[in-house]
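> Please see the structure below; I have some questions.
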Amino acid sequence: MTLQWIDNQKGIDRYRIDNGKGAMVEIITLGARITKLIVPDRAGDPTDVVLGYDDPAAYFDDTTYFGAIIGRVGNRIDKGRFALNGKTYALATNDGANHLHGGKVGFDHRVFKAMPLDSNKLELTYTSPDGEEGYPGEVKVTVVYTLEEDNALTIAYRATTSADTPLNLTNHAYFNLNGDALSVGGHIAQINADYLTDVDEGLIPHGELLNVKGTPFDFTSPKPIGRDWDGDHRLLKIARGGYDFNYVLSDSAKEVACVTGDKSGIVMTVLSDRPCVQFYTGNFLDGVEGKQIYPYHSAFCLETQGYPNAVNVPSFPSCILKAGETFSSTTTYRFGVK
2 MTLQWIDNQK GIDRYRIDNG KGAMVEIITL GARITKLIVP DRAGDPTDVV
52 LGYDDPAAYF DDTTYFGAII GRVGNRIDKG RFALNGKTYA LATNDGANHL
102 HGGKVGFDHR VFKAMPLDSN KLELTYTSPD GEEGYPGEVK VTVVYTLEED
152 NALTIAYRAT TSADTPLNLT NHAYFNLNGD ALSVGGHIAQ INADYLTDVD
202 EGLIPHGELL NVKGTPFDFT SPKPIGRDWD GDHRLLKIAR GGYDFNYVLS
252 DSAKEVACVT GDKSGIVMTV LSDRPCVQFY TGNFLDGVEG KQIYPYHSAF
302 CLETQGYPNA VNVPSFPSCI LKAGETFSST TTYRFGVK
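Oh and the sequence shown: position 205 is 206 in this note's numbering, straight run, nothing missing.
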């Protein structure tokens with residue numbers, strides 16, 4: 002196991018963790034982003050399974066959230082408004098009339114401080130000041146990336162706040178397990194969820210749950226990601242032909258999802274203690290020029306999270322982190338082959 006500082010470009014530090022067994026991850030301090038994640042395919046060839054840019058400075062202008070830590074609140078908040086402790090808060094709106102992924106300058110564009118903790122463990126910290134993007138309270142966030150010998154990458158989140166505030170942290174890595182920039186429609190996916198949160202035309206949940214059985218959204222058994230995404234279901238049309246939905250995980254599901262690259266044989270298993278996962282299939286990718294040119298549907302995301310828009314839906318579990326309390330959560334991406 003080795004952890005090393007690689008370089009600093011325009012104020013962005015880059016680190017690399019190598020487990021010596023074919024897996025390597027690179028992380029930058031801008032947005033605490035995963036910029037490279039290499040694992041062996043079924044032939045033993047090294048394969049970079051995440052989208053991104055070769056030049057760390059390119060992330061300053063990134064609008065896709067490639068590999069970033071998302072906060073304070075991942076996903077969407079209806080009209081960028083919520084009430085808390087008798088006061089109404091107006092957040093930055095950056096997705097039409099709605100608030101998305103922390104606002105106009107969310108955690109994805111904040112520079113974290115990095116500190117190696119071990120030969121396979123990197124800690125990144127950021128303090129979000131009171132009022133940032135309209136949120137109350139000063140929030141101190143710690144993210145620890147750990148690369149294990151069994152080719153598993155674990156993300157551990159921890160946060161505290163000086164005042165009650167919404168918090169829903171996640172990571173927005175885009176995966177293509179074939180290591181190319183072609184459609185992920187042939188990837189085989191399983192998601193351990195019987196329901197998703199129904200949404201309106203703005204992809205905002207309001208409390209209704211949709212049973213996925215018998216619908217294009219059913220991944221309770223393994224199937225190709227693209228098998229049903231061309232259907233005429235109203236939700237597929239809202240999401241621009243593909244998936245961009247919050248799946249409510251089964252109560253006993255420590256294992257969130259499992260996806261296999263149809264060409265590479267790389268298997269990614271996602272484990273988490275979070276109640277939901279956003280499954281997104283790159284419906285807004287439009288030829289982004291990164292390490293490769295990334296077209297429509299050339300990646301998928303599995304963003305473990307709390308319930309979207311929970312600040313405005315009383316029936317959803319609360320996402321409020323209270324002053325004096327500590328938020329902690331862990332998500333693991335484990336890689337193998339078949």
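Even for Gly, the Cβ is constructed at its ideal location relative to N, Cα and C.
Below 8 Å on the Cβ atoms is my contact criterion, and I expect Thr3 with Phe113 to pass it. Report the Cβ-Cβ distance as a whole number of Å.
Their Cβ separation, rounded to whole angstroms, is 21 Å, which puts Thr3 and Phe113 out of contact at 8 Å.
> Roughly how many angstroms separate the alpha carbons of Leu183 and Lys323, rounded to a whole number?
Near 44 Å, if we compare the C-alpha coordinates of Lys323 and Leu183.
> If we call anything under 8 Å between Cβ atoms a contact, is Val271 one with Thr65?
No, the pair does not count as a contact, with Cβ atoms beyond the cut-off.
> Report yes if the CB atom of Asn169 is closer than 8 Å to the CB atom of Gly23, and no otherwise.
In this structure, Gly23 does not lie closer than 8 Å to Asn169 by Cβ.
> Using 10 angstroms around the beta-carbon of Phe218, count the other beta-carbons present and answer buried if the total reaches 16, otherwise exposed.
Looking at its Cβ environment, which holds 16 or more other Cβ atoms inside 10 Å, Phe218 is buried.
> Quick check: Ile239 and Glu202, are their CB atoms within less than 8 Å of each other?
In contact: Ile239 and Glu202 (Cβ atoms closer than 8 Å).
> Between the region 130-137 and the region 84-99, do at least 3 Cβ pairs fall closer than 8 Å?
Yes, they touch.
> Do His100 and Gly81 have their beta-carbon atoms positioned less than 8 Å apart in this structure?
Against a cut-off of 8 Å, the Cβ pair of His100 and Gly81 comes out as a contact.
> Starting from Arg235, trace the alpha helix (DSSP H) in both directions and tell me its first and last residue.
First-last of the alpha helix (DSSP H) with Arg235: Arg235 to Ile239.
> Indicate the three-state DSSP secondary structure (helix, strand or coil) for Gly337 in the structure shown.
Looking at Gly337 - three-state DSSP - the assignment turns out to be strand.
> In the structure shown, what three-state DSSP assignment does Gly208 receive?
Note: Gly208 maps to strand in three-state DSSP.
> Compare the Cα-Cα distances from Thr143 to each of Gln10, Asp181, Ala160 and Pro47 and report the closest residue.
Out of Gln10, Asp181, Ala160 and Pro47, Ala160 has the C-alpha closest to the C-alpha of Thr143.
> Would you kindly report the start and end of the unbroken beta strand (DSSP E) that includes Asn9?
That run of the beta strand (DSSP E) goes Thr3 to Gln10.
> If you follow the beta strand (DSSP E) that Ile39 is in, where does it begin and where does it stop?
Arg34 to Pro41 is the span of the beta strand (DSSP E), which, as asked, contains Ile39.
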